[in-house]
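Chemist: My questions will all concern the structure given below.
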Amino acid sequence: MNRKDYCPTKPFLIILSAPSGGGKSTILGEILKENGNIDYSISYTTRAPRGEEKDGVHYFFVTEEKFKEMIDAGDFLEYALVHGNYYGTSKSYIKSRIDAGRHVIMDIDVQGANQITNSDLDIVKIFILPPDKSVLEDRLRKRGTDSDEAIKKRLTNADVELGYIKDYEYVIINDELSQAVEDVKTIISAEELTRERYSEIDTKFYRG
Ligand code: 5GP
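Here the sequence shown stands for residues 7 to 214, where the numbers follow the numbering used here.
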């Protein structure tokens, strides 16, 4: 029997935030490939699909009208206007995964992370940094999917986003992808081992 079956630990939300071009989606892809006990929260957005992006895989692409209906219906755990488009996290999806005992990893911006901080959810917040600012611009340009204007907006926003680092428990500098992936895995493993997250430790080990 696996030690997690013997004494399970409670699931939590893992929030990854980074300025655009920080390399977060690549890290995320690697983590999801390797960790079978984590689900990815697919966000809703009013932004148009970019390059090879697919509806229901990278995002749920919706109109602004639909997004606003969802806000009114209370469907979002958090939502924010980022670089001129709306992005939001489905409340029911998060609840269903946590109820099923699974960690959920989410790629959301600093405003969204801030909103969830004030909820009663168990969250672990990780900020991913590029090695330096010029790398950000370089990555955005190489991606080749954003207009000049969009790139400028993302770089200006990066400065604002960096101001939120103090709200995060962990910071990873993504100068080498494999190391950054290892770092995220290490954080998840350490967080799983915190005493408060062992759901049955009292009944299994403590006497009296
Ligand atoms: P992109 O357009 O490059 O995919 O994402 C732009 C920004 O929106 C990124 O900073 C990303 O983390 C953020 N984002 C993606 N999904 C969500 C979401 O559901 N909520 C919030 N608040 N931000 C999101």
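Glycine is no exception: its CB is placed at the ideal position from the N, C-alpha and C atoms.
Drop a sphere of 10 angstroms on the beta-carbon of leucine 199, count the other beta-carbons inside from all chains shown, and report buried for 16 or more, exposed for fewer.
Modeler: As a position in the sequence shown, residue 199 is number 193, starting the count at 1. So leucine 199 counts as exposed.
Chemist: Could you have a look at phenylalanine 18 and say whether DSSP puts it in helix, strand or coil?
Modeler: Taking the sequence shown and counting its residues from 1, the one referred to as residue 18 is at position 12. Note: phenylalanine 18 maps to coil in three-state DSSP.
Chemist: Span of the alpha helix (DSSP H) holding leucine 34?
Modeler: Counting from one through the sequence shown, the residue named residue 34 turns up at place 28. That run of the alpha helix (DSSP H) goes 30-40.
Chemist: Helix, strand or coil for serine 23, going by three-state DSSP, please let me know.
Modeler: On the sequence shown, residue 23 is found 17 positions in, with the first residue counted as 1. Strand.
Chemist: Around the Cβ of threonine 95, are there at least 16 other Cβ atoms within 10 angstroms (buried) or fewer (exposed)?
Modeler: Working through the sequence shown from its first residue, we reach residue 95 at position 89. The residue is buried, with at least 16 neighbouring Cβ atoms inside 10 Å.
Chemist: Report the three-state DSSP secondary structure of serine 184 (helix, strand or coil).
Modeler: Counting from one through the sequence shown, the residue named residue 184 turns up at place 178. Helix at serine 184.
Chemist: Is there at least one non-hydrogen atom of the ligand 5GP closer than 7 Å to the beta-carbon of glycine 62?
Modeler: As a position in the sequence shown, residue 62 is number 56, starting the count at 1. No, since every heavy atom of the ligand 5GP falls outside the 7 Å radius drawn around the Cβ of glycine 62.
Chemist: Could you tell me which residues DSSP puts in a beta bridge with glutamate 84?
Modeler: On the sequence shown, position 78 is the one that residue 84 refers to. Bridge partners of glutamate 84: Thr95.
Chemist: If contacts are defined as beta-carbon pairs under 8 Å, then serine 205 and lysine 16 qualify, I think. What distance do you get, rounded to the angstrom?
Modeler: By one-based count along the sequence shown, residue 205 stands at place 199. By one-based count along the sequence shown, residue 16 stands at place 10. Correct: roughly 5 Å between the Cβ atoms.
Chemist: Given 7 Å as the limit, tell me if threonine 95 has its C-beta closer than that to any heavy atom belonging to the ligand COA.
Modeler: Ligands present in the displayed structure are limited to the ligand 5GP, and the ligand COA is not among them.
Chemist: Do leucine 127 and leucine 19 have their C-beta atoms closer together than 8 Å?
Modeler: In the sequence shown, residue 127 corresponds to position 121, counting from 1. In the sequence shown, residue 19 corresponds to position 13, counting from 1. The answer is yes: Cβ separation under 8 Å.
Chemist: Could you give the residue range of the alpha helix (DSSP H) that holds leucine 135?
Modeler: In the sequence shown, the residue the question calls residue 135 occupies position 129. That residue, leucine 135, is in no alpha helix (DSSP H); its beta strand (DSSP E) goes 129-135.
Chemist: As a quick exercise: from Asp152, Ser47 and Ile171, pick the residue whose alpha carbon is nearest that of phenylalanine 66.
Modeler: Residue numbering aside, residue 66 sits at position 60 when the sequence shown is read from its first letter. Among Asp152, Ser47 and Ile171, the Cα nearest to that of phenylalanine 66 belongs to Ser47.
Chemist: Restricting to Cα atoms, I'd like to know which of Phe211, Phe133 and Ser23 is closest to isoleucine 114.
Modeler: Locating residue 114 in the sequence shown gives position 108, counting from the first residue. Taking only the C-alpha atoms, the option nearest isoleucine 114 is Ser23.
Chemist: Is DSSP giving isoleucine 122 helix, strand or coil here?
Modeler: Position 116 of the sequence shown, counted from the first residue, corresponds to residue 122. Helix, per DSSP.
Chemist: Use the C-beta contact count for serine 153: other C-beta atoms within 10 angstroms, 16 or more gives buried, fewer gives exposed.
Modeler: The sequence position of residue 153 within the sequence shown is 147, counting from 1. That one is exposed.
Chemist: From the DSSP output, which residues share a beta bridge with aspartate 208?
Modeler: As a working note, residue 208 is residue 202 in the sequence shown. DSSP, once it has assigned bridges, lists no residue as partnering aspartate 208.
Chemist: Once you ignore the five residues that flank glutamate 75 on each side, which residues in its own chain have a CB closer than 7 Å to its CB?
Modeler: Walking along the sequence shown from the start, residue 75 turns up at place 69. Same-chain partners within the cutoff: there are none.
Chemist: I need the DSSP call for tyrosine 170, collapsed to helix, strand or coil.
Modeler: What you label residue 170 is simply residue 164 of the sequence shown in a count that begins at 1. The answer is coil: DSSP assigns tyrosine 170 none of H, G, I, E or B.
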